[in-house]
Amino acid sequence: MPADGLCADLTCDKNIKHLYECHCCSSLICLNHLIEHVESTQRNKERFGSLRNELKTAVDSFKAIIEKKLLNIEREKNLIEQAQKLLDLENSSIDEIQIIFEEIKQAIAFSQFDGIGKVRPTLPNTKNCSCICKCTNQNDGLLLKTTSPPSRSPVHLNSTDGTNRSMITTDDEHSMCDTSVTLDCILLDRTTATIEDSDDANKQNRVKSMSTRYPQGFCPLTFDGAFGLTAANHSVRFCSNKKNRPIGLYYHFINKHDLQPIDARRLLEAISNNDDPKTTKVFYENEDVINHLYKIPCPFGKDIIHLFRGSTKNIHKLPCHYLRMPAYALRHHLQYYHHVTPSVARKLIDRSKEIQMENHI
């Protein structure tokens with residue numbers, strides 16, 4: 001039963017009113033303030049529940065970030081171990097050293113540019129196909145394992161071809177580097193042909209090992225949505241499904257599709273497992289799979305030359321009409337096409353990388 005008296009709420013007036021006991025504070029208060037206390041308690045309860053949910057979400061997200069960082073650290077440690085093994089071997093192949101060297105350089109660059117090279121989460125290979133015994137067979141032709149020598153290094157120029165045709169072909173799915181570095185590439189691969197020395201057993205073993213690590217086959221990225229990759233979400237370019245020649249897939253994914261090495265290896269794993277690109281999702285929708293720093297625009301190109309006005313004095317052949325190219329090829333391009341010194345070339349490349357990241361070009 002309500003009692004009569006002064007309301008205990010300090011904001012209430014001094015009139016005598018019917019008083020009720022508040023369950024939240026045990027005070028005797030008027031009906032109006034009782035309603036306010038009940039509503040305030042309910043709001044606090046809802047806010048408390050909302051904060052708990054937000055905290056749980058934040059904790060889960062932070063755990064995922066930590067797990068990704070730890071996974072990235074493990075992968076980087078593995079990269080260092082692979083490089084150290086090659087350093088310990090006196091008879092390592094040029095291709096193996098070139099590959100690991102580029103991957104480590106890219107990992108360093110990604111770390112310097114605020115986490116561009118973030119960890120790739122591993123997705124379960126979710127298959128939505130309900131067909132029976134078809135999906136396991138239709139990908140058998142996708143991967144052609146071979147013991148023949150692997151494709152030459154990304155910068156190899158086949159100068160012995162009767163047509164004088166380099167590996168920089170008009171069929172861009174096989175292009176190992178841009179047309180801008182045709183002349184530069186000659187300087188980068190003098191001795192690759194020794195890999196094919198059939199008289200050297202050790203070299204043959206290395207060829208076989210590399211063929212297994214970087215197999216040849218048909219590119220599965222011939223349609224939007226292959227393995228979860230889309231043009232809209234990942235900015236990936238796709239191959240024409242009319243081209244059906246077997247190619248070196250690892251280099252192809254990196255050079256043609258501009259994928260980061262870690263993502264190229266994820267695709268190779270899916271292909272080796274005979275996963276169907278139509279029904280298997282290897283990548284999340286919001287993953288950044290493009291290697292933004294692999295191909296860098298020439299600083300004297302028409303699109304960014306205005307940002308290098310102070311560096312164009314006495315530079316030959318301006319503006320440059322060549323396309324983007326890997327850092328090691330751009331270095332030679334600057335030295336032997338634009339005739340800059342090695343130190344200036346390094347500075348220009350570093351600045352081009354910064355501009356590329358700042359302007360998303």
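Sequential numbering of the sequence shown, starting at 1, is according to full-length UniProt numbering. Even glycine gets a Cβ: it sits at the ideal position worked out from N, Cα and C.
Note the first and the last residue of the continuous beta strand (DSSP E) segment covering residue i.
| i | result |
| --- | --- |
| E21 | 17 to 21 |
| A3 | 3 to 5 |
| I29 | 28 to 30 |
Looking only at C-alpha atoms, which of the options sits nearest to residue i?
| i | options | result |
| --- | --- | --- |
| I104 | E90, L89, Q84, R346 | Q84 |
| I240 | A232, H257, L10, G248 | The sequence shown places Ser at residue 240, rather than the Ile named in the question. The shortest C-alpha separation from S240 is found at H257. |
| S281 | R52, T57, L330, G225 | Residue identity differs from the one stated: residue 281 is Lys in this sequence, not Ser. When each option's Cα is compared against that of K281, the closest is G225. |
| C298 | H18, D4, H333 | H333 |
| A264 | Y251, R237, L31, R346 | Y251 |
| S40 | N15, H23, G301, N53 | H23 |
| D303 | Y284, F283, R324 | R324 |
| G301 | F238, L330, N255 | L330 |
| Y284 | K68, T341, T230, L71 | T230 |
| Q216 | I247, E90, N274 | I247 |
Determine the direct distance from the alpha carbon of residue j to that of residue i, and round the result to whole angstroms.
| i | j | result |
| --- | --- | --- |
| P124 | G228 | Note on P124: pLDDT 46, under 50, position unreliable in the model; no value is reported. |
| S235 | C25 | 59 Å |
| A327 | I296 | 6 Å |
| D288 | V38 | 49 Å |
| residue 406 | F101 | Any question about residue 406 goes unanswered here, given that the chain covers just 1 to 361. |
| R245 | I73 | 37 Å |
| residue 363 | K45 | This structure cannot settle anything about residue 363, because the visible part of the chain is limited to 1 through 361. |
| K353 | F48 | 47 Å |
| L79 | P261 | 11 Å |
| H316 | Y337 | 8 Å |
| L259 | Q98 | 17 Å |
| residue 418 | K56 | In the structure displayed, the chain extends from 1 to 361; residue 418 sits before or after that span and is not available. |
| I349 | S50 | 49 Å |
| A232 | E96 | 34 Å |
| A345 | N286 | 35 Å |
| H321 | F253 | 25 Å |
| R52 | N32 | 30 Å |
| A58 | I66 | 12 Å |
| K278 | K347 | 44 Å |
| R86 | S92 | Inspection of the sequence shows that residue 86 is occupied by Leu rather than by Arg. One C-alpha to the other measures close to 6 Å. |
| S343 | Q335 | 10 Å |
| K68 | V340 | 41 Å |
| N15 | D4 | 10 Å |
| residue 372 | E54 | Residue coverage of the chain in this structure runs from 1 to 361, which leaves residue 372 outside it and unanswerable. |
| T11 | K17 | 14 Å |
| D60 | F238 | 35 Å |
| R43 | S27 | 19 Å |
| N255 | F62 | 34 Å |
| D276 | L70 | 30 Å |
| I109 | R351 | The residue asked about is misnamed: residue 109 is Ala in this sequence, not Ile. Roughly 13 Å between the two C-alpha positions. |
| L89 | R266 | 27 Å |
Please check the pair residue i and residue j, which I expect to be a contact at CB under 8 Å, by giving their CB distance rounded to whole angstroms.
| i | j | result |
| --- | --- | --- |
| L307 | I355 | 6 Å |
| I29 | D9 | 5 Å |
| A107 | E76 | 6 Å |
| L34 | Y20 | 5 Å |
Residue i lies in the alpha helix (DSSP H); which residues open and close that run?
| i | result |
| --- | --- |
| A329 | 327 to 336 |
| I254 | 249 to 255 |
| H316 | That residue, H316, is in no alpha helix (DSSP H); it is neither H nor E in DSSP. |
| H234 | 231 to 234 |
| E269 | 261 to 272 |
Inset, instruction - Check whether the segment 214 to 233 touches the segment 262 to 273, taking contact to mean three or more Cβ pairs, one atom from each stretch, closer than 8 Å. - result: A contact between stretches requires three or more CB pairs, one per stretch, nearer than 8 Å, and the segment 214 to 233 meets this requirement with the segment 262 to 273.
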